Amino acid sequence: MADKIDARGLSCPQPVVLTQKAIKDGKTEFQVMVDSEVSKENVIRCIEKNKFTASVSVEGDTFTISVSK
Amino acid sequence: MKNIFSSKWGIIATGAIIGILAVTLQKMGNPANMGICVACFERDIAGALGLHRADVVQYIRPEIGGFVLGSFAIALIKKEYQPRAGSSTILRFFLGVFAMIGALVFLGCPWRALLRLSGGDWNAIVGLAGLIAGIAVGVMFLKNGFSLGRSYKQKMSSGWVFPAVMAALMIMVAIGFRVSETGPLFYSVKGPGSQRAPFIISIAAGLFIGAIAQRSRFCTMGSLRDIIIAKDFHLASGVVTLLVFATVFNFIYGQFKPGFDGQPVAHTVHLWNFLGMALSGLAFALAGGCPGRQLILSGEGDSDAAVFVVGMIVGAGISHNFLLASSPAGPGAFGPAAVIIGFVFCLIVGFTMREKVS
Numbered sequence: 001m002a003d004k005i006d007a008r009g010l011s012c013p014q015p016v017v018l019t020q021k022a023i024k025d026g027k028t029e030f031q032v033m034v035d036s037e038v039s040k041e042n043v044i045r046c047i048e049k050n051k052f053t054a055s056v057s058v059e060g061d062t063f064t065i066s067v068s069k
Numbered sequence: 001m002k003n004i005f006s007s008k009w010g011i012i013a014t015g016a017i018i019g020i021l022a023v024t025l026q027k028m029g030n031p032a033n034m035g036i037c038v039a040c041f042e043r044d045i046a047g048a049l050g051l052h053r054a055d056v057v058q059y060i061r062p063e064i065g066g067f068v069l070g071s072f073a074i075a076l077i078k079k080e081y082q083p084r085a086g087s088s089t090i091l092r093f094f095l096g097v098f099a100m101i102g103a104l105v106f107l108g109c110p111w112r113a114l115l116r117l118s119g120g121d122w123n124a125i126v127g128l129a130g131l132i133a134g135i136a137v138g139v140m141f142l143k144n145g146f147s148l149g150r151s152y153k154q155k156m157s158s159g160w161v162f163p164a165v166m167a168a169l170m171i172m173v174a175i176g177f178r179v180s181e182t183g184p185l186f187y188s189v190k191g192p193g194s195q196r197a198p199f200i201i202s203i204a205a206g207l208f209i210g211a212i213a214q215r216s217r218f219c220t221m222g223s224l225r226d227i228i229i230a231k232d233f234h235l236a237s238g239v240v241t242l243l244v245f246a247t248v249f250n251f252i253y254g255q256f257k258p259g260f261d262g263q264p265v266a267h268t269v270h271l272w273n274f275l276g277m278a279l280s281g282l283a284f285a286l287a288g289g290c291p292g293r294q295l296i297l298s299g300e301g302d303s304d305a306a307v308f309v310v311g312m313i314v315g316a317g318i319s320h321n322f323l324l325a326s327s328p329a330g331p332g333a334f335g336p337a338a339v340i341i342g343f344v345f346c347l348i349v350g351f352t353m354r355e356k357v358s
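Chains as they are written, first to last, in the numbering used here: chain W, 1 to 69; chain C, 1 to 358.
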């Protein structure tokens, strides 16, 4: 899987499932793109639960969540 | 500004408020152990429109319109209104149809399963077990790359349609609209459809719940799904709070009557209580939200969720016209067969709608 996950337009809980999968695959630095406030909150909650840190940048309708250890 | 309702205490507060308002609406006239059952109330709407002619369950429930319009208003204010569509529309429609067929075999949506339990109806435990089983199957698909595909941004007006229709229905019921003395809208004069809290209270409660559910992302199916998928208890804390507060207030109002037999609008055929709710749970999991959540998403501009809701309303018409819906005596003549067809449909969707997992 690429280090950039495009989860835009996917319904619950797919953005979280994809994020989890990236973490499980041993990725420690990757980005998740989502396009709704809800998905953003969910992905961030998942990331913080797994003891990663998240930072968000906004461009148009896209939130890009950068994940790092 | 940070969204306080999406915090742990936000979701807990939402659950508490929904629980209290639901049983309070029962106290004020809504059917027992039904409070704000989304499936039941969409079924009543189907009846009021004449999509089925079961004359005991016909009424345009203001709570349903309230959920959609409350969510719509707060989403606009908070700039979360986002018209989107295009994710497997026809599949979502039929997931809605079968979700409703399953719900009417059990006689309730997940919200009502909780409200039935809070009123002492132990049959709800069987239903909730079925719900968990159905969601667990859905999670299996999700973990294996199940996806209904992306939705895409739409023009502003595409997301207005559903709230506008709901607003029109609210006005029609408020003025008591009928095309003729005997024609739609239909208003039950006996049975559960005739039991209703005053319009103004119903719609106010609906609007308020719609707004806080939008802010907190409250979802019953999601609460169980997130536990199974990620051991995430965030949404579950709200759902458990709903159950606790509804139970406490049922005690206060003297509405708590424990037992299996003789429960209001319920039957005791465990197998079909279990399988009916399992079918619904699976359909909700594949569609990404419980019926309440789908109404909230419709208000936010999600046309795919709106199509699911329309599917549920049409499904209610089919359920009653084709003798699928249960009654207090037990499942309808063809209810079990329809549940099996629903499972076949959901399994085909689950197995075929997959993105490649690399």
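Note that beta-carbon positions come from the ideal geometry of N, C-alpha and C, so glycine has one too. Here the structure is a predicted model, which means the values were calculated and not measured.
- DSSP places D44 of chain C outside any beta strand (DSSP E); the residue lies instead in the alpha helix (DSSP H), whose first and last residues are V38 to A48.
- Per the coordinates, the alpha-carbon of S188 of chain C lies some 6 Å from the alpha-carbon of D55 of chain C.
- In this chain, the alpha helix (DSSP H) harbouring Q214 of chain C covers F199 to S216.
- Rounded to the nearest angstrom, the Cβ distance from R196 of chain C to N30 of chain C is 6 Å, consistent with a contact under 8 Å.
- Residue contact with chain C for K49 of chain W: present (Cβ-Cβ distance below 9 Å to some residue of chain C).
- Between V38 of chain C and I64 of chain C, the CB-CB gap stays under 9 Å.
- The beta carbon of P336 of chain C is closer than 7 Å to those of W272 in its chain, skipping five residues each way along the sequence.
- Just measuring C-alpha positions, the residue of C:V173, C:S298, C:M172 and C:G108 sitting nearest A124 of chain C is C:G108.
- Looking from the CA of I17 of chain C, the closest CA among C:G238, C:V126 and C:I175 belongs to C:G238.
- At a cut-off of 9 Å between beta-carbon atoms, D3 of chain W makes no contact with chain C.
- Proximity of the stretch 163-174 of chain C to the stretch 27-42 of chain W falls short of the contact definition, fewer than three beta-carbon pairs being nearer than 8 Å.
- Close CB contacts of I20 of chain C within its chain, under the 7 Å cut and outside five residues either way in sequence, are with F245 and F249 (chain order).
- The stretch 289-297 of chain C and the stretch 149-156 of chain C do not touch, with fewer than three beta-carbon pairs separated by less than 8 Å.
- Within the DSSP bridge table, the entry for E59 of chain W names W:T62 as partners.
- The continuous alpha helix (DSSP H) containing D226 of chain C extends over residues T220 to A230.
- For V307 of chain C, the closest of C:R43, C:G86 and C:Y81 by C-alpha to C-alpha distance is C:G86.
- When secondary structure is reduced to three states using DSSP, T53 of chain W falls in the strand class.
- Note on geometry: alpha-carbon atoms of L323 of chain C and V67 of chain W lie some 53 Å from one another.
- Proximity of G9 of chain W to chain C, defined by a Cβ-Cβ separation below 9 Å, is satisfied.
- Boundaries of the beta strand (DSSP E) around V34 of chain W: F30 to V34.
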